[in-house]
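Undergrad: Okay, handing you the structure first.
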Amino acid sequence: MLKKPRNLVLSVFFLFLSSWICLAMAQNKTTTIIPVNVGVVLDINQDYGKIWLSCIKLALSDFYASHAHYKTRLVLNIRDSENNVVRAADAALDLIKNTQVEAILGPVTSMDASFVINLGDQAQVPIISFSASSPSLTSLRSSYFFQITQVDSSQVNAISAIVHNFGWRQVVAIYVDTEYGEGVIPFLTDALQEVDVGVTYRSAISPLATDDQILQELYKLMTMQTRVFIVHMNPNLGSRLFAKAKEIGMMSQGYVWIMTNGLANRLTSMNSTVINSMQGALGVQTYFAQTMELEEFNFRWKQQFLQDHPTLIDAELDILALWAYDAAFALAMAIEEVGITSTVDLFRKKKSSFNLIDLENIEISKYGTDLCRALSMTRFEGMAGNFYIVDGQLQSSTFRIVNINEDGARDIGFWTPQNGLVNKLNSANTSTLSTNSKSNLKASVIWPGDSLSFPKGWEIPTKGRKLRIGVPVNVGVPEFVKVTKDPSTHTTEVTGFSIDVFKAAIEVLPYSLPYEFIPFENPTGSIAATYNDLCYQVYLGNFDAVVGDVTIRANRSLYVDFTMPYTESGIVMVVPIFDTWTNNAWVFLKPLTWDLWLTTSCFFVLIGFVVWVLEHRINEDFRGPPSHQVGTSVWFSFSTMVFSQRERVVSNLGRFVMIIWVFVLLILTQSYTASLASLLTVQQLQPTVTDIKDLLRKGENVGYRSTAYTYDLLKQVGFGDSKLKGFTTVEEIQEALSKGSPNGGISAFVDETPYTKLLVAKYCLKFTMVGPIFKTVGFGFVFPKRSPLVPDVSQAVLNVTEGEKILNIENKWFNKQESNCQDSSTQPVSSNSLGLASFWGLFLIVGLASILALIIFIVCFLYEHRNMIPSDSGASRWRRLQIMFEIFNQKDLDSHTFKTSRQRDSVQAPVSNTFEVVDYNSNQTEIHSVSFEEQEIPSTDQDSIEVATEVAITIQEIQATTLTIICNSMQNVHDFSKELK
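The number in our numbering is simply the position in the sequence shown, starting from 1, with 19 added.
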């Protein structure tokens, strides 16, 4: 009984639930779908237009399949722009005015977009283009324009990185003469300049150019040196360009072709014939990851596309097709986000100040502003990568670097803003480097002509003219550049040091470089203008280079480039020289510095005092009245300088001090003698002036070379025109310097080191060089700005100047002058006197020896007479010192010297003895015989006298030997001085 009510309740519940579900389903079926009109402006009749349109349709199909509950549905209103700017603008106007679309996908080209953007601004309708990539469109500053593509300016850094990687210095830009082509050129030029690469030529080709016009432009490029071409144009024109380039041989070895992504991104839509004409070219493609979702999408799109277009079996997706898919997907998402609830009154009237045809009747979209805001905030992972928009532009900046070969595009590297060129990308994050990150593209590229060695980027055209090299007509200094004309043969010969260096550098180059020398002269045969004007001729294109004695200067480098210098640098003065010391009465003081003179004098006094202290008590020579003792001590000390002292030193401590002092004096006197001899012989010539400011202060005349820029430098220093005199030849300069400024000549001649070396080498006994007074770089060869020859010729110049070739060339042109005269640049114009720093070690030794001897003497003296000093406390310190001095002043009768004297006094018989005594007072060493009377003495005293006599004779013999050595040494120095003279 209870089961029936329970079954009844369950039946009612399920009936109610079924009724609710059916009601909900019925209500869902009757939900209102809001159609939203969206315009599409494409080249429908083109294959790429069909591919892009199919991707747009598939994007909407996929979006609403996964978002079936969304209320809005995009309705595509398709218009064909027919590859025409006017038709694209007319189609957009029709869509906005008549169909009242909420947004427009397209148009295709940047030129189409510039017209359509203005219409979108007037109607506040977003214009979403996935193929118009010109950076010039951003200048329109439209908040209703969205570039769902990579802007062309984002790839210029990748291109400049490729050029810099291979070391090319010049490129030629080839671009389509439209807004699309011209828009990227300023950005490309700036990016190349940052890596010191110049755009030597811009080749603008009309999109309507015929094959003959393309050939004419290519033939013009063949006559240029630059062989690196950057191509930026649409696929239609680009494919024709490469076909003609291959036809005339410009896709052979030595040429470099780099394609922007305008061509490289569309390689999949090109046939095999076009790809074959691009063999060896490099390309910059937009990078997108090959994901599983993309592969699945490609499979579905291929099936659908072949059903709609069965004849286009070779059609493939490219990055623009993926951007079309993502743009449609983002637009559908933004339309739903705006929340359009009705298809009525989507546009409103506006007050227009325009009087153009049909524009004054355009209404304003009510949801345009909200739709732009929703698009800017849209984020999702699209088929082409992460989709997000900043300032109306899709943010995508990673590029693939590809090499076109038989199999199509082959990856050789990547470029990211963070890391530049890299070999591989990390699969987890495309902005990070892989393990082997640094890219070296040189080893992986197959160049045009199937070459594996990368081209140097320039060639001397085989059909072009020779290099026209300007040379100065240097009349005054023909050693550097000399132009000789033969009237009989009407030929011109150019020779000189600079010419030979240039020829030697050209021989080092690994390729042939034809050239011809053209003198820069006027009808009279002299130089046509200044050296600055000669360099400017290269900038004007009148000369391809300049070879000669041209100085590398900052103002010239503004419009030309220089090679490495091949001469010495600096501006110096040439001044007369005079004999400094021959007539100088105080020349004997010059060998030693004042501090060494003072130190030596102090040590003479110190040694005299020390010897007096050590000898006073035991040596009669150091006793007597105070004045006699002082005079004897000073005389003894200074007489040791020439080893002529007569006083004997009898104490061991005194002899110890004298041995060290005599050694020091021997070194000091020998050094003094040698320095004085060199001053009186070798170092006798000095310049009359060493500072150019002295000439300015005294108001003396200064000379300069007439064609040199040193005139401007002297004017900057402060010299007036009346004090400056120009000269042309070496003889004129010599004559003016010999006269001097008071006689109408000059006191100094200012010029660059290479010129002054010639002058001084010829007149080295009369003039010398002083300086440098200004810094310069030296001579160099002149080439046009960013010339590809500069690095090669600079390297060749270094090879020449570092080897024996430069020495042979210098000997050829300059050795004739130097053979008759020693190079004065090797002769120092000043002498360094001997200073205390060279002898302080010797003075330290003799000082320590003297102090040690005094300490030992004082200690022994105090110990010996300790009992004679009063010990009572009543004696003052002064009294004790006085007692000690009185004891010191007394003779030490216990000394062996005084004992010997007493024994001599007690001798009874005369001693007959004769020995030789050396006299050092005369100019020559003389030996005198000294005789003593022979006396009878006790045998014990006789032995003592014989010993004393032998000691005296030994000391005298030592002194005579020392003096003989010194005399011989001075004679050798005197002979050496004569040889130097």
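All C-beta atoms in this analysis are idealised placements derived from N, C-alpha and C, irrespective of residue type, glycine included.
Keep in mind that this is a model prediction, so the values were computed, not measured.
Does Tyr-530 come out as helix, strand or coil in the three-state DSSP assignment?
TA: Note: Tyr-530 maps to coil in three-state DSSP.
Undergrad: For Pro-15, which of Val-878, His-251, Asp-710 has the nearest alpha-carbon?
TA: In the structure displayed, the chain extends from 20 to 1000; residue 15 sits before or after that span and is not available.
Undergrad: Among the candidates Ser-361, Glu-823, Ile-75, Tyr-238, whose CA atom is the shortest distance from the CA of Tyr-344?
TA: Of Ser-361, Glu-823, Ile-75, Tyr-238, the residue nearest in Cα terms is Ile-75.
Undergrad: What are the complete alpha helix (DSSP H) segments, minimum 4 residues, inside the region 861–912?
TA: List check, alpha helix (DSSP H) in window: 896–908.
Undergrad: Just to confirm the assignment, what range does the beta strand (DSSP E) spanning Arg-319 have?
TA: Segment 311–327 is the alpha helix (DSSP H) holding Arg-319; no beta strand (DSSP E) there.
Undergrad: Can you give me the Cβ contacts of Leu-339 inside the same chain, cut-off strictly under 8 Å, excluding the 5 residues immediately before and after it?
TA: These residues qualify, in order along the chain: Tyr-67, Trp-71, Phe-149, Ser-150, Thr-168, Asn-284, Arg-285.
Undergrad: Measure the Cβ-Cβ separation of Gly-401 and Ala-349 and say whether it is below 9 Å.
TA: Yes; because the gap between Cβ atoms is below 9 Å, this pair is in contact.
Undergrad: How many angstroms separate the CA atom of Ile-181 from the CA atom of Asp-171?
TA: Taking the straight line from one Cα to the other gives about 16 Å.
Undergrad: Label Cys-554 either buried or exposed according to how many other C-beta atoms from any shown protein chain fall within 10 Å of its C-beta, with 16 as the threshold for buried.
TA: Buried, by the Cβ-count rule.
Undergrad: Compare the Cα-Cα distances from Gln-298 to each of Phe-261, Met-311, Leu-325, Phe-641 and report the closest residue.
TA: The shortest C-alpha separation from Gln-298 is found at Phe-261.
Undergrad: Check the C-beta distance from Arg-419 over to Tyr-306 and give it rounded, since I have them as a contact under 8 Å.
TA: Yes, Arg-419 and Tyr-306 are in contact; Cβ-Cβ is about 5 Å, under 8 Å.
Undergrad: The beta strand (DSSP E) spanning Ile-97 covers which residue range?
TA: Residues 91–99.
Undergrad: Using only the alpha-carbon positions, how far apart do His-88 and Ala-393 sit?
TA: So the two alpha carbons sit approximately 19 Å from each other.
Undergrad: Which of helix, strand or coil does DSSP assign to Leu-444?
TA: Looking at Leu-444 - three-state DSSP - the assignment turns out to be strand.
Undergrad: DSSP state of Met-677, grouped into three classes?
TA: Residue state, collapsed to three classes: helix.
Undergrad: Where does the unbroken beta strand (DSSP E) through His-251 begin, and where does it stop?
TA: Here the beta strand (DSSP E) through His-251 covers 247–251.
Undergrad: What did DSSP end up calling Phe-800 once you bin it into helix, strand or coil?
TA: Coil at Phe-800, not helix or strand.
Undergrad: Out of Ile-147, Ala-84, Val-60, Ser-85, which has the shortest C-alpha to C-alpha gap to Leu-112?
TA: Looking at the Cα atoms, Val-60 is the closest of the given residues.
Undergrad: Would you decide whether Ser-472 is buried or exposed? Buried here means 16 or more other CB atoms lie within 10 Å of its CB.
TA: Looking at its Cβ environment, which holds fewer than 16 other Cβ atoms inside 10 Å, Ser-472 is exposed.
Undergrad: Considering only residues of the region 723–798, which uninterrupted beta strand (DSSP E) runs meet the minimum length of 3 residues and lie entirely inside it, listed in chain order?
TA: Segments of the beta strand (DSSP E) lying fully in the region 723–798: 743–746, 767–771, 786–793.
Undergrad: When you compare the CB positions of Leu-672 and Ile-875, do they come within less than 9 Å of one another, or not?
TA: Their beta carbons are under 9 Å apart, which means Leu-672 touches Ile-875 by this criterion.
Undergrad: Put Gly-139 into one of helix, strand or coil per three-state DSSP.
TA: Correct three-state label for Gly-139: helix.
Undergrad: Looking at the strands, I want to know which residues DSSP matches up with Asn-422.
TA: Paired residues: Leu-301, Arg-429.
Undergrad: Is it the case that the Cβ atoms of Gln-189 and Val-218 are separated by a distance below 9 Å?
TA: Yes.
Undergrad: Contact defined as beta carbons within less than 8 Å: I believe Ile-147 pairs with Val-135. What is the distance between those atoms, to the nearest angstrom?
TA: Not quite, the Cβ-Cβ distance comes to about 11 Å (not below 8 Å), so this is no contact.
Undergrad: According to DSSP, simplified to helix, strand and coil, what is Thr-619?
TA: Here Thr-619 sits in helix by DSSP.
Undergrad: Using C-beta distances below 6 Å, list every residue in its chain close to Phe-248, excluding the 5 sequence neighbours before and after it, in chain order.
TA: Here the set comprises Val-191, Ile-193, Trp-276.
Undergrad: Taking the alpha carbon of Leu-873 as the reference point, which residue from Val-681, Val-629, Thr-292 has its own alpha carbon closest?
TA: Measuring from the Cα of Leu-873, the nearest candidate turns out to be Val-629.
Undergrad: Can you tell me whether DSSP reads Ile-637 as helix, strand or coil?
TA: The answer is coil: DSSP assigns Ile-637 none of H, G, I, E or B.
Undergrad: Could you tell me the alpha carbon to alpha carbon distance between Tyr-578 and Glu-356, rounded to whole angstroms?
TA: Those two C-alpha atoms are separated by around 59 Å.
Undergrad: Once the 5 residues before and after Phe-907 are set aside, which same chain residues still bring their CB inside 8 Å of it?
TA: Here the set comprises His-635, Arg-636, Phe-880.
Undergrad: What span of residues does the beta strand (DSSP E) with Tyr-306 cover, start to end?
TA: No beta strand (DSSP E) holds Tyr-306; DSSP gives it neither H nor E.
Undergrad: Who are the Cβ neighbours of Leu-79 in its own chain at under 7 Å, not counting the five residues just before and after it?
TA: Excluding positions up to five away in sequence, the list reads Leu-93, Ala-347, Ala-351.
Undergrad: By Cβ distance, which residues of its chain are closer than 6 Å to Lys-116, with the 5 residues on each side in sequence left out?
TA: Excluding sequence neighbours, Lys-116 sits near Ile-381.
Undergrad: Between Leu-237 and Lys-265, how many whole angstroms is the CB-CB distance? I'm expecting something under 8 Å.
TA: The Cβ separation is near 10 Å, so there is no contact.
Undergrad: With distance defined between alpha-carbon atoms, name the residue in Thr-157, Ser-152, Gln-272, Leu-313 nearest to Asn-253.
TA: Among Thr-157, Ser-152, Gln-272, Leu-313, the Cα nearest to that of Asn-253 belongs to Ser-152.
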